[in-house]
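Report on one structure; see the data block that follows.
Protein chains in written order, with the working numbering: chain A, 52 to 132; chain B, 407 to 656.
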């Protein structure tokens, strides 16, 4: 499965503003990733946070990824359809 | 786990104060509580007191420190479903429910008084009103669970955290452990997230916004409430479910 990315600004109510929307092959929105600002601990700052997933199995863990491609691979294995 | 000095008067008084916050305790009952035989042990932060599946023969009274009840899920995820202050018996149910259906652990170094079930039964037999008060305490425990269920199921992340900070303020107040709207709350953001069904990232964002909105300041060890009414309003906090008969604000 391949994903299309669209970089957007996200209102999280704080300094985490850099976001990336991921769309599936049918151009449907499947996930919102947000890059964590330096207001977080150093082990989190700069990571892509899995803010929200649509029809993704077991995303309650909201994992962190250091690269969007890793988020896409993770999603590909968990997409419901 | 190591054996430690016997409980001081003020440590035992936490239990009396806690019970007095929800009902009346007679002079004889106070004496009986203060004479309860217990073996004191000190546990480090993050040690299990009782584990799911065990069949304890003792109840554990928290003398100092901080304790939670939790359950581990597959993949190592954890749900914390209650926090306990000094003066609490986090595993009182083991008197009547033989097998632990969840685990109990420290969230800070804690001094714990272990009391044999036989002594607890004897206390309740000799002082039935005290038995009723402990029953009342377990009913309040259930009321707290109901409130947490509403929080996890229906409240926003901001409301959950605001509600928790208000609840803990009143529970620490009941055992004399708040000072000028401050209390020791030695939990990590991950532990708060495990209790409220939130990620560390969300907890971090919300604690920062509570600080920026001048509602409460929280760090790894303590909480300082700056605007009690504001925090209460945000969390839709109504203290009725704590059934405290004395005092309704810290």
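C-beta: ideal position from N, C-alpha, C; glycine also.
- For the 8 Å CB-CB criterion, residue 611 of chain B and residue 65 of chain A form a contact.
- With a cutoff of 8 Å on beta-carbon distance, residue 533 of chain B and residue 438 of chain B are scored as near each other.
- Beyond the five residues adjoining it in sequence on each side, residue 60 of chain A comes within less than 7 Å, by CB distance, of 68 and 70 in the same chain, given in chain order.
- Cβ-Cβ distances below 6 Å link residue 113 of chain A to 101 in the same chain, with the five nearest sequence neighbours on each side left out; the list follows chain order.
- Close to chain B, meaning a Cβ-Cβ distance shorter than 7 Å, are the following residues of the region 83-95 of chain A: 87, 90, 91 and 95.
- In the DSSP assignment, the residues bridged to residue 470 of chain B are B:517.
- Under DSSP, the beta-bridge partners assigned to residue 454 of chain B are B:511.
- Counting every other CB atom within 10 Å of its CB across the protein chains shown gives residue 651 of chain B a total below 16, marking it as exposed.
- Beta-bridge partners of residue 464 of chain B (DSSP): B:522.
- Residue contact check for residue 100 of chain A against chain B: a CB pair falls below 8 Å.
- Taking residue 469 of chain B as reference, the option from B:516, B:478 and B:496 with the minimal CA-CA separation is B:516.
- CA-to-CA, the gap between residue 560 of chain B and residue 603 of chain B works out to about 12 Å.
- In this structure, the CA atom of residue 466 of chain B is about 11 Å from the CA atom of residue 473 of chain B.
- Going by DSSP, residue 70 of chain A is part of the beta strand (DSSP E) stretching over 69-74.
- Residue-level contact by beta carbon fails for residue 624 of chain B and chain A, as no gap is shorter than 8 Å.
- Contact with chain B is found for residue 112 of chain A, since one of that chain's Cβ atoms lies less than 8 Å from the residue's Cβ.
- The beta carbon of residue 65 of chain A falls within 8 Å of a beta carbon belonging to chain B, placing the residue at that interface.
- Your pair residue 491 of chain B and residue 578 of chain B checks out as a contact, with CB atoms roughly 6 Å apart and the cut at 8 Å.
- Chain-ordered, the chain A residues with CB closer than 8 Å to the CB of residue 611 of chain B read 63, 64, 65 and 67.
- Contacts with chain A at 8 Å (Cβ-Cβ) include residue 607 of chain B.
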